[in-house]
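Per numbering that gives the first Met the number 0, the sequence shown starts with residue 0, numbered consecutively. As structure tokens, the structure follows; a few thoughts come after it.
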Amino acid sequence: MKYGLLRDLPSWLATLLLCFGLVACGREGLRPLQGINRSLLQSASSRRQPALGKRWLATLANQQGKERIELIDLRNRRPVLLPGLNRPDAQPISVSVSANGKRLALVRQRDDQTELLLYHRSMGTVHRLELSAKGIPRHVILDGEGRLLAVQVSRDGRWDVDLIRLPS
Numbered sequence: 000m001k002y003g004l005l006r007d008l009p010s011w012l013a014t015l016l017l018c019f020g021l022v023a024c025g026r027e028g029l030r031p032l033q034g035i036n037r038s039l040l041q042s043a044s045s046r047r048q049p050a051l052g053k054r055w056l057a058t059l060a061n062q063q064g065k066e067r068i069e070l071i072d073l074r075n076r077r078p079v080l081l082p083g084l085n086r087p088d089a090q091p092i093s094v095s096v097s098a099n100g101k102r103l104a105l106v107r108q109r110d111d112q113t114e115l116l117l118y119h120r121s122m123g124t125v126h127r128l129e130l131s132a133k134g135i136p137r138h139v140i141l142d143g144e145g146r147l148l149a150v151q152v153s154r155d156g157r158w159d160v161d162l163i164r165l166p167s
């Protein structure tokens, strides 16, 4: 008879009470990270396409009307140098970062072509990745280990998702 009260309530009311209970319990854990958010606001006029690694935040940052890929070390709240990645003749479209921050996958527009690329931060090298079937890449997501890449691709007016296993 201990649960008799809940059984006697209409199901919609029991569901409502459960939802309120879950919301009330979860509020304490949701807090904006004011310090890093303030730093992000001050370092670029706008940001989009955020991607998180364990201690890394990759975004497309706009400064003085030009977008570039920026990698932030969340521990010290500072941008990390990405030599050879941001080009003045390229427009980044999408970026993703591995959990350890060693690899970034990106899509960018350059010379009327859309490129799918993999950047190795430790070496400062950019490698072009080819799709198995011709298409235009749009959005990338790199898994935590940096070994599997999901790419949204447009082919003949239809959106597909390709998975690409990357070499170690």
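All C-beta atoms, glycine included, are put in the ideal place defined by N, C-alpha and C.
Helix, strand or coil for M0? Go by DSSP, reduced to three states. Confidence at M0 is low in this model, with a pLDDT of 45, below 50, so the placement of that residue should be treated as unreliable; the coordinate-derived value is given next. Coil.
At which residue ranges does the stretch 104–165 contain complete beta strand (DSSP E) runs of 3 or more residues, listed in the order of the chain? 112–119, 124–127, 135–141, 147–154, 157–164
Decide if L103 is buried, meaning its Cβ has at least 16 other Cβ atoms within 10 Å, or exposed. buried
Hey, would you say E66 sits closer than 8 Å to P91, going by beta carbons? yes
Going by alpha carbons, who is nearest to L70 out of H119, D111, K133? H119
Can you tell me whether V152 is buried or exposed? The criterion is at least 16 other CB atoms within 10 Å of its CB, across all chains shown. buried
Determine the DSSP secondary structure at K53, reduced to helix, strand or coil. coil
Could you tell me the alpha carbon to alpha carbon distance between L162 and G100, rounded to whole angstroms? 20 Å
Looking only at C-alpha atoms, which of G143, R47, R146 sits nearest to S93? R47
Exposed or buried, which one is A57 when buried takes at least 16 other CB atoms within 10 Å? buried
Report buried or exposed for W55, applying the criterion of at least 16 other Cβ atoms within 10 angstroms of its Cβ. buried
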